[in-house]
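Have a look at the structure below before the remarks.
There are 2 protein chains.
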Amino acid sequence: VTDTAARPRVVVIGAGFAGLNAAKGLRNAPVDVLVIDQHNYHTFQPLLYQVATAGLDAGDVAHQVRDVFRRQRNVRFRMGRVERVDWEAREVLLASGDGIGFDCLVVAAGAVYHDFGIPGVFDHGFVLKSLHEAIALRSHVLRQFERAAHDPAHADHGGLTFAIVGGGPTGVEMAGALVELLDRVLPSDYPELDVSRARVVLLEMAEALLLPYGERSRAYAERVLRRRGVDVRLGAAVAEVHADHVVLAGGERLATHTLIWAAGVRGHPLGEALGTPLGRGARVQVRSDLSLEDHPEAFVIGDMALASDPDRTPLPQVAQVAIQQGRHVARVIAARLRGEAGAPFRYQDPGQMAIIGRSAGVAELAPRLGGLRFGGFLGWLAWLFLHLIYLPGHQNRVNAFASWAYNFFTYDRHARLILDEERPRRARMTRGTMRS
Amino acid sequence: VTDTAARPRVVVIGAGFAGLNAAKGLRNAPVDVLVIDQHNYHTFQPLLYQVATAGLDAGDVAHQVRDVFRRQRNVRFRMGRVERVDWEAREVLLASGDGIGFDCLVVAAGAVYHDFGIPGVFDHGFVLKSLHEAIALRSHVLRQFERAAHDPAHADHGGLTFAIVGGGPTGVEMAGALVELLDRVLPSDYPELDVSRARVVLLEMAEALLLPYGERSRAYAERVLRRRGVDVRLGAAVAEVHADHVVLAGGERLATHTLIWAAGVRGHPLGEALGTPLGRGARVQVRSDLSLEDHPEAFVIGDMALASDPDRTPLPQVAQVAIQQGRHVARVIAARLRGEAGAPFRYQDPGQMAIIGRSAGVAELAPRLGGLRFGGFLGWLAWLFLHLIYLPGHQNRVNAFASWAYNFFTYDRHARLILDEERPRRARMTRGTMRS
């Protein structure tokens, strides 16, 4: 269905931070924009771990794409899965078989988990990239407790041991939220069970948590997690994953039925289908203005793109980079329509923040202005505040705020629902997942 | 796993209104109670239609069973599906193969839809008994719009025609909520589509809507729905259901891809597995104290039970009957433990209320005190108020109230997410569903 309108058509693949901001940035440009996503909603990935740990409802961290563009008249939405791009015909091809013509293409399909070739991750690991995966993980965790409640031997065989692989922000946030769930919420749900037998093991290959952070933040995160009962194991690499245990690099066997894979991501497989050179982590190599060398009418942004700082350091796969890149390509497209060249992308690093658990966060802000670091309760508050601001949808903000306030004062989490239907494990990760 | 404790063990099958109230009623009785349900949450069925029409999140109408009994120390919970009862061994048998011993049994597994033998209902119809079914229906409705947005022919072939079969309270509430979604919410989501082509057809076999209500309420409901654009067809029976059309009894063919089955329910199939006489609608025949003739240690309550008024009218399958029956069996069990006989069950009819849509409801209260009838805005407010009170879980109440207030003032509904994964239609209704 090629649009034959007079205005150039910009097709944006992906309604994540990068894609949404690209489409929003084209608000006043003389173009027709079509946003394509496999879901009819934007997923606010930074809060998926709270869905997985029963703090938020799935609906709180998702917002329908059409609502985002309600007042922007040059944007249309198409729900569909993109399979490849026909560069000759200038068409995006959907899984349904439909072809969608474009004059300009913005590819922002995000990242998928990277198993680094470790056997068993694909079959047995849980990842946290989509709403379905978050619900599946929450349901799985609660199912372990339901089982142990009537079958105490389940705890003897690692049923209540939850292993997280990867001590970056995702792993740290997950560990903090999970240990609080086990410690504060579930004991009163399972009076028949000795919930204190449940434990969270955080496995990190390097010798520190939160590697991209400064030393004080790293040490703080480790101290807080250990104090709250997380078994933090540094220098611990995973060699094999099985349904009921994990084998570490040294040969140690850790009994667990739940492996949460937060060890790394790679560019979305659509990057390979573009037929353009890939760099580290299967990310697409882009020029300084984020367009492709072979196809200057196409841009790749967000977690899929391998863009670099002027000093050639690859930019991290974080929301802020995606947001700024989305805005940038919108400006480049508008400039080109005026016959001007696009400027190179420069990342304005606002700093980074991670939550370690209740009342404990770390924030390292404004690195270019000398840096402002704070931790503890203030870091936690700053994190909550910023995530509320960025969460799309008025009602999501109200709900999330109400849930956080409620959790904070009552230590209760209302979303403890087992909502998936039990399916073969493999089915959980088919979408957006591949062996590298 | 027979409990060998000294206190008698009461097993309650089902965590609906009936089962929950039975277990709660045993708070001070010298018994151990085990509640079994296939889900770890109670589903507040009266609001499922709001989940299906994007007014509420799934989490808002579900509440984890363990939380309900947090402070009641003689109740335990087991998540599992009951397959049958071994009366000899006094054991409930789960699908997992486990047997659970009981001294006293309360069966409250609810109702499933009844297709009255009409071909195609099982394969193509949507029902509204579980959270998964509500999410599946919402996702299906929104998918029709996503499809029509890029394939206008879909509307020509009935893709935007939504047929509801059954003009009782469920059908009327669904019709009112659905027509508001089409009329007020979706047009701004789909500017590329002529949403006014979407329509809701309400098919009722009898010559009036809301049959159990008084004449004024019936006429009011019909008037409001027609005025809001629902195509109300009285005296219309469905003969066959197909994937893309319905055939009416007179031979008329109605093109629709969405048939919502609100025409009737029957007792849960577990009733047949009990091996005890069934009555009308596959409901289990019970004695006046709600116990079974052949198995006086067992009770059947709620939608599954065929209990009658003193004048032999069967009691309706509504929440109020289930709640009162739950409380009643708790009293009978406690009385028997004291060596007394249980009293017969007497339904105290508080009246009935249904919502027809925004600002329009009907309430017929206190029929034994002469009756108090009100409709319109007041009926609607009364309905909202009572449902908020009965909705379990503080946070659910806060969320539902916030959503209703938000919807009321903005005409917006935030839960417009397509959240199921597209699966063969059949899979949607396997649970608790059978041909009669």
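First to last, the protein sequences are chains C and Z.
Sequential numbering from 3 applies to the first sequence in my numbering.
Sequential numbering from 3 applies to the second sequence in my numbering.
For glycine and all other residues, C-beta sits at the position ideal for the given N, C-alpha and C.
9 Å Cβ cutoff, residue i in contact with chain Z
i                 : result
Asp69 of chain C  : yes
Arg428 of chain C : Residue confidence for Arg428 of chain C is low, a pLDDT of 39 falling below 50, so the modelled location carries little weight and cannot support an answer.
Gly122 of chain C : no
His416 of chain C : yes
Glu59 of chain C  : Looking at the sequence shown, residue 59 of chain C is not Glu but Asp. Chain Z, which has a Cβ nearer than 9 Å to the Cβ of Asp59 of chain C, makes this yes.
Ile420 of chain C : yes
Gln354 of chain C : no
Leu28 of chain C  : no
Met306 of chain C : no
Phe104 of chain C : no
Ala179 of chain C : no
Arg360 of chain C : no
Asp88 of chain C  : no
Leu133 of chain C : yes
Nearest to residue i (by Cα), restricted to the options the options
i                 : options                                   : result
Gly237 of chain Z : Z:Leu380, Z:Val167 and Z:Ala336           : Z:Val167
Glu175 of chain Z : Z:Leu383, Z:Tyr408 and Z:Gly363           : Z:Gly363
Phe118 of chain C : C:Ala407, C:Trp263 and C:Ala365           : C:Trp263
Val13 of chain Z  : Z:Gly27, Z:Lys26, Z:Ile38 and Z:Pro32     : Z:Ile38
Gly216 of chain C : C:Gly27, C:Phe376 and C:Ala345            : C:Phe376
Ser190 of chain C : Z:Arg68, Z:Arg333 and Z:Gly372            : Z:Arg68
Ala138 of chain Z : Z:Gln66, Z:Glu93 and Z:Ala56              : Z:Ala56
Leu371 of chain C : C:Trp385, C:Glu182, C:Gly353 and C:Gly170 : C:Gly353
Gly283 of chain C : C:Phe128, C:Gly112 and C:Gly341           : C:Gly112
Close beta carbons around residue i, own chain, < 7 Å, minus the five adjacent residues each side
i                 : result
Tyr192 of chain C : Phe147 and Ala151
Tyr413 of chain Z : Arg186 and Val187
Leu390 of chain Z : Arg399, Ala402 and Phe403
Ile420 of chain C : Ser141, Leu144 and Arg145
Trp89 of chain Z  : His297
Any chain C beta carbon closer than 9 Å to residue i
i                 : result
Gly395 of chain Z : yes
Phe456 of chain Z : Residue 456 of chain Z is absent from the structure shown; chain Z starts at 3 and stops at 438.
Arg9 of chain Z   : no
His142 of chain Z : no
Arg80 of chain Z  : yes
Arg75 of chain Z  : yes
Gln66 of chain Z  : yes
Leu184 of chain Z : no
Leu95 of chain Z  : no
Asp233 of chain Z : no
Arg72 of chain Z  : yes
Rounded separation between residue i and residue j - CA only
i                 : j                 : result
Ala221 of chain Z : His134 of chain Z : 33 Å
His116 of chain C : Ala275 of chain Z : 49 Å
Ala20 of chain Z  : Gly304 of chain Z : 5 Å
Val240 of chain C : Ile358 of chain C : 23 Å
Asn23 of chain C  : Arg329 of chain C : 5 Å
Asp100 of chain Z : Val123 of chain C : 32 Å
Val203 of chain Z : Ala417 of chain C : 35 Å
Asn30 of chain C  : Gln47 of chain C  : 28 Å
Leu162 of chain C : Ala407 of chain C : 28 Å
Val3 of chain C   : Val320 of chain C : Below a pLDDT of 50, predicted positions are generally treated as unreliable, and Val3 of chain C, at 43, falls in that range; the measurement from the model is reported next regardless. Whole-angstrom Cα-Cα distance: 34 Å.
Val249 of chain Z : Val243 of chain Z : 6 Å
Leu383 of chain C : Val232 of chain C : 22 Å
Pro394 of chain Z : Gln40 of chain Z  : 18 Å
Arg218 of chain C : Ala365 of chain C : 11 Å
Thr258 of chain Z : Ala345 of chain Z : 50 Å
Ala54 of chain C  : Gln66 of chain Z  : 16 Å
Neighbourhood of residue i by C-beta distance below 6 Å, restricted to the same chain and skipping five residues each side
i                 : result
Asp351 of chain C : Pro369
Phe301 of chain Z : Val108, Leu292, Ser293 and Val331
Arg11 of chain C  : Asp5, Asp34, Phe104 and Asp105
Ala265 of chain Z : Val167 and Gly168
Contact set for residue i: own chain, Cβ-Cβ below 8 Å, skip 5 residues either direction
i                 : result
Leu280 of chain Z : Gly269, Gly273, Glu274, Val286, Gln287 and Leu308
Phe410 of chain C : Arg360
Ala91 of chain C  : Gly101 and Gly103
Chain Z contacts from the stretch 191-221 of chain C (Cβ-Cβ distance under 8 Å):
In summary, the residues of the stretch 191-221 of chain C whose CB is separated from some CB of chain Z by less than 8 Å are Asp191, Tyr192, Pro193 and Glu194, in the order they occur in the chain.
Please identify, using Cβ separations under 7 Å, the residues of the stretch 146-158 of chain C that lie next to chain Z, in order along the chain.
Glu148 and His152
Under 8 Å, CB to CB, which of the residues in the stretch 389-413 of chain Z have a partner in chain C?
Those would be Gly395, His396, Gln397, Asn398, Val400, Asn401, Ala404, Ser405 and Tyr408, in chain order.
Chain C contacts from the stretch 311-329 of chain Z (Cβ-Cβ distance under 9 Å)
none
Chain Z contacts from the stretch 22-52 of chain C (Cβ-Cβ distance under 9 Å):
Within the stretch 22-52 of chain C, contact with chain Z at the beta-carbon level (separation under 9 Å) is assigned to His41, Asn42 and Tyr43.
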